[in-house]
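So the sequence shown is residues -19 to -1, 1 to 139, counted in mature numbering (1 follows the signal peptide of the UniProt record, and there is no 0).
First the structure, in the form of structure tokens, and then the observations on it.
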Amino acid sequence: MTSILSAAFRRVSSLVLLAAVPLVSACRASVRTSAEPQFIHPDGPPANPFSPAVRVGNIIFVSGTLGTKPDGTLVPGGIQPETRQLLENVKRTLAAAGVGMDRVVKCTVFLADLKEWPAMNEVYRGYFSNGNYPARTAVQATLLFGARVEMECAAAAT
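Right under this line is the structure:
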């Protein structure tokens, strides 16, 4: 009886493996064709060793963005002008990827001082319509160039 069950198990196992091969192959092909990264550079080739955004499948990842002007200097005036400028920078990067701020699903906010969170929020609110705010995390961090705020975002592509 044991040898009969063992032989039956081997036959079923072989059939399962044969059925799984096309599925695994299809999954691999899908990953290769639909998830090729697209590197987004709205201002031409990057000066630094990172991309402003990368699209993989239907997700666009926007790198940490500061409130810098096109010449790379921070806008003066503190947290609110920096927040406004960085969100304009994110908006421009997303537009280069073919989507708007309404497609943002997640933001991570880095603040030099968490006490500036309410002032940052006043500006942030204006960039998302109808109260459809992205999921968000805020943390305190030491930021480059003396910035008060930095933000990275993820958006759903259309």
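By construction, the Cβ of each residue, glycine as well, lies at the ideal position given by its N, Cα and C atoms.
Closest to T89 by C-alpha separation, out of K96, Y114, G107 and A77, would be which residue?
Your numbering for residue 89 matches position 108 in the sequence shown. Closest in alpha carbon position to T89, among K96, Y114, G107 and A77, is Y114.
Give me the residue from T74, T139 and E103 with the minimum Cα distance to G45.
For the purposes of this step, residue 45 is taken as residue 64 along the sequence shown, with counting starting at 1. When each option's Cα is compared against that of G45, the closest is T74.
For R73, the three-state DSSP class (helix, strand or coil):
The count along the sequence shown starts at 1 and reaches residue 73 at position 92. Helix.
Check whether the segment 107 to 121 and the segment 83 to 99 are in contact - that is, three or more C-beta pairs closer than 8 Å.
Segment contact: the segment 107 to 121 against the segment 83 to 99, three or more CB-CB distances shorter than 8 Å; contact assigned.
Taking A136 and R84 to be in contact with their CB atoms under 8 Å, please state how far apart those CB atoms are, rounded to whole angstroms.
On the sequence shown, residue 136 is found 155 positions in, with the first residue counted as 1. On the sequence shown, residue 84 is found 103 positions in, with the first residue counted as 1. Yes, A136 and R84 are in contact; Cβ-Cβ is about 4 Å, under 8 Å.
Would you call G48 buried or exposed, if buried means 16 or more other Cβ atoms sit within 10 Å of its Cβ?
Numbered from 1 along the sequence shown, position 67 holds the residue referred to as residue 48. So G48 counts as buried.
With DSSP as the reference, identify every bridge partner of F20, one or two as the case may be.
Looking up residue 20 in the sequence shown gives position 39. V35, per the DSSP bridge assignment.
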